[in-house]
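>
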Amino acid sequence: MTATLTPQARFQEALDSLLEEVKDDRQILAAILCGSLAYDVVWDKSDIDLVFVSADDKKVQSHSLALVVDDINIHAQVVPRAEFRRELESAFHNSCTHSVYARGSLVYSRDPSIDKLFRQIKNLGERDLKTQVLNSAQLALALLYKARKWYEVKDDIAYTTTWLLGTASAIADIEICLHGELVDRDCLPRALPLNPSLFSVIYADLITQPVTRAMIEKGLVAIDEYLESKADALFSPVLKYLQEAGGEPRSMTQIEHYFRRNYGIEGLALACEWLSDIGAIEKASTDLALTPLSRVRVQELAFFYARPT
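Here the sequence shown is numbered in the numbering used here, starting from 893 and rising by one per residue.
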């Protein structure tokens, strides 16, 4: 009697079979395995995610394919080497694109330059960490405000819970980053053992127990305390930028321009407002003309750093 293969073994056999065929294709330089088969557990409804890096040729553009091996679906993407390199170099480390590749496995390669590039994406630099943390902290604030509105203004416990869980997901991204790990779509369950006292309150309890007002209030307070206690770390690029201005107010136009150009981040007004609310920075205003031809001046929101250095 032939033993029944586990899903993991079946999927691995399908992958190995496809790679044996692909190795005869001189146009394919490397193959990167992404998704569950690379770092998690597969089940019968899973599929295989593969990225094939092809030789550079004007006739070849990036494209997606739906392949099948032994009745197992394989979602494949063919990417020319130059485009693959640009894609990785333009994505900051610990972004979604970077995370997909960094958690993947280089399962086939005959190009040393791709081997080197793949080794490099495993590294998580300090600047990349700060960028991801700032992005996640901004998102957490936006979702937290929504949760508070639906609780305090609309008195809707069920929908408040939805927004609170969304906030917890953003907080989980922060926690994963602060532990020096790569962010992915499964950060909530990964963050729970890293900070069980927090994530039990803002995540696990909310999905395993009937939600009460007391639980909602406890969750909102826990998130407030978490963000405020880590404000200097979460928003360090913003605080440093304003501190270097020497107490001179910086308008939101200036702030947005700086962070868009240097970090690829936009929409910092909410974060600056929150930092002002907790006393980390001060609010001001500067003159602004609505158009280059406008003679009327209006006031634009601005912020400055006033704490002793």
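From the three backbone atoms N, C-alpha and C, an ideal C-beta is built for every residue, glycine too. From a predicted model like this one, the values you see are computed outputs, not experimental measurements.
1) Three Cβ pairs or more, each shorter than 8 Å: is that satisfied between the stretch 947-958 and the stretch 967-984?
2) Is the number of C-beta pairs between the stretch 1084-1096 and the stretch 1140-1156 that are closer than 8 Å three or more?
3) Please identify the residue among R1105, S1168, G1138, A1106 whose C-alpha is closest to the C-alpha of F1127.
4) Determine the closest residue to Y1000 out of K1008, A1064, E1073, A922, with distance taken between C-alpha atoms.
5) Below 8 Å CB to CB, which residues in the same chain sit around L1160 once its five sequence neighbours on both sides are set aside?
6) The beta strand (DSSP E) with L929 in it runs from where to where?
7) Looking only at its own chain, which residues have a Cβ that is under 8 Å from the Cβ of H1071, when we skip the five neighbours before and after it?
8) On the three-state DSSP scale, how would you describe K1008?
9) Assuming V1043 contacts T1052 (C-beta within less than 8 Å), just tell me the rounded distance between them.
10) What residues in its chain sit with their C-beta under 7 Å from that of R1040, if we drop five residues either side in the sequence?
11) Nearest-angstrom Cα distance between L1057 and D1047?
12) Apply the 10 Å Cβ neighbour rule to Y912 and answer buried if 16 or more other Cβ atoms are within range, or exposed otherwise.
13) Are the beta-carbon atoms of D1179 and R1187 separated by less than 8 Å?
14) Per the DSSP calculation, S956 is bridged to which residue(s)?
15) If S991 sits next to L1074, beta carbons under 8 Å apart, how far is it from one beta carbon to the other, in whole angstroms?
16) Just curious, the beta strand (DSSP E) that K1132 is in, first and last residue?
17) Over the uninterrupted beta strand (DSSP E) stretch that includes R1189, give me the two end residues.
18) So which of S946, D1007, P1081 has the shortest CA-CA distance to P972?
19) So which of G1139, T1059, S1028 has the shortest CA-CA distance to K1175?
20) Is the beta carbon of L1080 closer than 8 Å to that of A1204?
21) Count the other CB atoms, across all protein chains shown, that sit within 10 Å of the CB of W935; report buried if there are 16 or more and exposed otherwise.
22) Could you compute how far the alpha carbon of G898 sits from the alpha carbon of N1154?
23) Would R995 and D1076 be called neighbours here (beta carbons separated by less than 8 Å)?
24) Anyone know if the C-beta pair for I1173 and C1164 falls short of 8 Å?
25) Considering Cα atoms alone, identify which of E979, A1198, L1185 is closest to Y993.
26) Alpha carbon to alpha carbon, how far is K1132 from H985? Give it in angstroms, no decimals.
27) Are the CB atoms of C1069 and L1033 nearer to each other than 8 Å?
28) Thinking just about the alpha-carbon of each residue, which of L1009, R1142, L1119, F1195 is nearest to the one in L1035?
29) If you drop the 5 nearest sequence neighbours on each side, which residues of the same chain put their C-beta closer than 8 Å to that of L1162?
30) Under DSSP, the beta strand (DSSP E) around E1174 begins and ends at which residues?
31) Tell me whether R1142 sits in a helix, a strand or coil according to DSSP, three-state version.
32) Where DSSP assigns a beta bridge to V943, which residues make up the other side?
Let me lay it out:
1) yes
2) no
3) S1168
4) A922
5) Q1030, V1130, M1144, I1147, E1148, F1151
6) Careful: L929 lies outside any beta strand (DSSP E), inside the alpha helix (DSSP H) at 928-931.
7) L1086
8) helix
9) In the sequence under discussion, the amino acid at residue 1043 is Tyr, which differs from the Val named in the question. About 4 Å separates the two Cβ atoms, so the contact holds.
10) L1112
11) 17 Å
12) Position check: residue 912 holds Glu in this sequence, whereas Tyr was assumed. Per the 10 Å Cβ criterion, exposed.
13) no
14) Q969
15) 5 Å
16) Per DSSP, K1132 belongs to no beta strand (DSSP E); it is in the alpha helix (DSSP H), 1128-1135.
17) 1189-1196
18) S946
19) G1139
20) Since the first and last residues shown for the chain are 893 and 1201, residue 1204 lies out of range.
21) exposed
22) A small fix is needed here, since residue 898 is Thr in this sequence, not Gly. Straight-line Cα distance between these residues: approximately 48 Å.
23) yes
24) yes
25) E979
26) Its pLDDT being 47, under 50, H985 is placed unreliably in this model, and the value from its coordinates should be taken loosely. C-alpha separation (whole angstroms): 21 Å.
27) no
28) L1119
29) Q1030, L1033, A1034, Y1037
30) 1174-1181
31) strand
32) I924, Q969
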